[in-house]
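Order-wise, the sequence lines are chains W and V. Using the working numbering, you'd call the opening residue of the first sequence number 1 and step up by one each time. Using the working numbering, you'd call the opening residue of the second sequence number 1001 and step up by one each time.
There are 2 protein chains.
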Amino acid sequence: MDSIEPKRTLVEQVYDILLDAICSGELCPGERLNQDEIATRLNVSRQPVNSAISILKANNFVRDTGRRGVVVTEVDMEQYSSIYEFRSVVEPFATRLAADRIGDDAGPEAQAILREGRAAIKARDIKRLLAADVRFHETIYRWSGNHVIEASMRANWPHMLRSMAEVLRDPASAQQSWDDHQLIMDALLTGNADAASTAMERHIGLAMEKTRKVLTPNGKEPVLHGAFSRGK
Amino acid sequence: MDSIEPKRTLVEQVYDILLDAICSGELCPGERLNQDEIATRLNVSRQPVNSAISILKANNFVRDTGRRGVVVTEVDMEQYSSIYEFRSVVEPFATRLAADRIGDDAGPEAQAILREGRAAIKARDIKRLLAADVRFHETIYRWSGNHVIEASMRANWPHMLRSMAEVLRDPASAQQSWDDHQLIMDALLTGNADAASTAMERHIGLAMEKTRKVLTPNGKEPVLHGAFSRGK
DNA sequence: ATTCGGTATTTCGTATACGAAATTCTTATT
DNA sequence: AATAAGAATTTCGTATACGAAATACCGAAT
């Protein structure tokens, strides 16, 4: 559907790989990125790695330390709060727009998304569940017809993924989440903008609350289970 | 106020220069960026230029053409609509948050901002007026205490600047705009969240309408007066 | 004159090279 | 043994080099 782009440069590929590593927790918050090591591991020169890190830095996924190199940006509870606060307004708005602008052919896609989400729950596959969650929300952004919403949220998803894995460890939360998704889709497909928007608002509110609970079990700073495997 | 960052790399400096050139219209939409030429002009090697362009590409300020190099991304009316649609929700929300979280010491800063805006109108200095406008809105983002709002909007301002210069050419529009700003600040300083938010919503709505009128004088695609000077 | 084919040139992406700053290691001194 | 100075090493930012792809140029054939 999009225009062809047969050439992905090494810079872009390295960027995607590093961002994915950050999101998945393979690279932990605070951990330093070593250009030589990354270059060697990926079998490229340091040049594209350096460029990719520049982009990560511009987008706040890594930060300068003052010393040598950059480290993965720590995400504190305040940032999670900000993201959810932001989503609590943007997501219902996107949903409202989507209800107005959705095409007649959206039914099958909605069904496929919901089916995949439930399948991921059944399979107890967190990665798959995360992907399904992202797909659900990004589809609504697309239906909203507003590319700026899509772009703005894209900047936040990587951060959110870091916390969502924690929340979705609890099967009940995952189930609740996809019940919400079902409700939202139903309202969208019947063109009920108010109901869809309200359901989305509630959904984000619940997610925010669960995130807060999971990440601050004793009122402390967030704890992220970043299992970080580094093969020789 | 921010943490010290004594080292700005060449990549970051080049990025800022190029972004500014794009925003100011010195580099026109559709125009190609020549790495060698930019490097020569800025007295740096092609390497930091190449990296800076990678960042610009990731942030959608330039795009690949399929042929050689990148061009400045064209901004069509649909994108302007999307931005203003987005702002119509985010700005009132930021204003509401700001009303709740604003400090007691905000008065002098508000006065300074409003004074500077009126001074820029009097001086008929468009660049100065744009800077004042950005400062007004960014201050509210800051007061909102939500860094995600700030970051999301930062991605959109460069695009908006391209159109705002056109709108603010009309002194009446500029005057109207700063009357709005005054109203919003007054409501904020008296802690009237509803009034501030409503005033902001109206302000964005008016700006959107004016932008549409200025950019599509005869229902066509937007016309940007990019005077682009290229000295030897 | 126009068009086609081939050669020269431009220009990009990536690799490699190099100097500087920071870190680590070593060793001498107390 | 602890510490401080300085040498060795790491590692980054940036410059330069190089190959490949795209573009421009140019002459021959129609």
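Idealized CB from N, CA, C, for every residue including glycine. Small disclaimer: the values here were computed from a predicted structure and weren't measured.
Check whether the Cβ atoms of residue i and residue j sit closer than 7 Å, and answer yes or no.
| i | j | result |
| --- | --- | --- |
| Val1089/V | Ile1022/V | no |
| Ala52/W | Tyr15/W | yes |
| Ile1140/V | Ala1098/V | yes |
| Val75/W | His137/W | no |
| Ala110/W | Met200/W | no |
| Ala1193/V | Arg1128/V | no |
| Ile102/W | Leu183/W | no |
| Ala1123/V | Ala1132/V | no |
| Ile1126/V | Leu1168/V | yes |
| Leu1010/V | Pro1048/V | yes |
Taking the C-alpha atoms as reference points, what is the distance between residue i and residue j?
| i | j | result |
| --- | --- | --- |
| Leu1114/V | Leu1130/V | 13 Å |
| Glu1012/V | Met1208/V | 32 Å |
| Arg1046/V | Asp1036/V | 6 Å |
| Arg1142/V | Lys1007/V | 24 Å |
| Arg1118/V | Ile1083/V | 26 Å |
| Glu1078/V | Cys1028/V | 18 Å |
| Asp170/W | Leu206/W | 14 Å |
| Gln175/W | Gln1175/V | 54 Å |
| Arg212/W | Glu116/W | 27 Å |
| His225/W | Thr216/W | Caution applies to His225/W, whose pLDDT of 45 falls short of 50 and renders its modelled position unreliable; the value that the coordinates give is listed next. Near 13 Å, if we compare the C-alpha coordinates of Thr216/W and His225/W. |
| Met164/W | Asp100/W | 29 Å |
| Pro1108/V | Asn1043/V | 42 Å |
| Asp2/W | Asp1179/V | For Asp2/W, the predicted model reports a pLDDT of 44, less than 50, meaning its position is unreliable and no value from the coordinates is stated. |
| Asp1020/V | Asn50/W | 23 Å |
| Arg1135/V | Asp1104/V | 19 Å |
| Arg1041/V | Arg1067/V | 23 Å |
Smallest Cα separation from residue i: which of the options?
| i | options | result |
| --- | --- | --- |
| Gly30/W | Ile149/W, Ala120/W, Thr65/W and Glu150/W | Thr65/W |
| Val1214/V | His1181/V, Asp1180/V and Ser1173/V | Ser1173/V |
| Leu1033/V | Ala1058/V, Val1062/V, Met1077/V and Ala1196/V | Val1062/V |
| Ala1106/V | Thr1198/V, Arg1212/V, Arg1202/V and Gly1191/V | Gly1191/V |
| Arg1154/V | Ala58/W, Arg202/W, Gln176/W and Ser144/W | Ala58/W |
| Glu166/W | Lys210/W, Asp20/W, Asn146/W and Trp157/W | Lys210/W |
| Arg202/W | Arg87/W, Thr216/W and Val134/W | Arg87/W |
| Arg112/W | Thr216/W, Arg212/W, Asp20/W and His181/W | Residue 112/W is actually Ala in this sequence, not Arg. With distances taken between Cα atoms, Ala112/W lies closest to His181/W. |
Find the residues of chain V that neighbour residue i, judging by a C-beta separation of less than 9 Å, and give them in chain order.
| i | result |
| --- | --- |
| Ile184/W | None at all; the shortest Cβ gap to chain V is about 18 Å. |
| Ala155/W | Val1148, Ala1151, Ser1152 and Ala1155 |
Along chain V, in chain order, which residues have C-beta atoms closer than 7 Å to that of residue i?
| i | result |
| --- | --- |
| Glu85/W | Asn1146 |
| Ser82/W | Asn1146, His1147 and Val1148 |
Hey, residue i and residue j are a contact pair by Cβ (cut 8 Å); roughly how many whole angstroms apart?
| i | j | result |
| --- | --- | --- |
| Ser1081/V | Ser152/W | That pair is no contact at about 15 Å. |
| Arg1162/V | Gly1025/V | 7 Å |
| Ser144/W | Ala195/W | Not quite, the Cβ-Cβ distance comes to about 16 Å (not below 8 Å), so this is no contact. |
| Pro1092/V | Ser1177/V | Contact flag wrong, Cβ pair sits at about 16 Å. |
| Asn60/W | Val1148/V | Not really, about 10 Å apart at Cβ, beyond 8 Å. |
| Glu1085/V | Asn146/W | 6 Å |
How would you list, in chain order, the residues of chain W whose beta-carbon sits under 9 Å from the beta-carbon of residue i?
| i | result |
| --- | --- |
| Asn1050/V | Val11, Gln47 and Ser51 |
| Asn1079/V | It is Gln, not Asn, that sits at residue 1079/V in the sequence shown. Chain W residues near Gln1079/V: His147 and Val148. |
Could you work out which residues of chain V lie near residue i, taking near to mean beta carbons separated by less than 8 Å?
| i | result |
| --- | --- |
| Ile55/W | Ser1054, Ile1055 and Ala1058 |
Counting only Cβ pairs nearer than 7 Å, list the residues of chain W close to residue i.
| i | result |
| --- | --- |
| Gly1093/V | Per the sequence presented here, residue 1093/V reads as Phe, with Gly not at that position. In chain order: Val89. |
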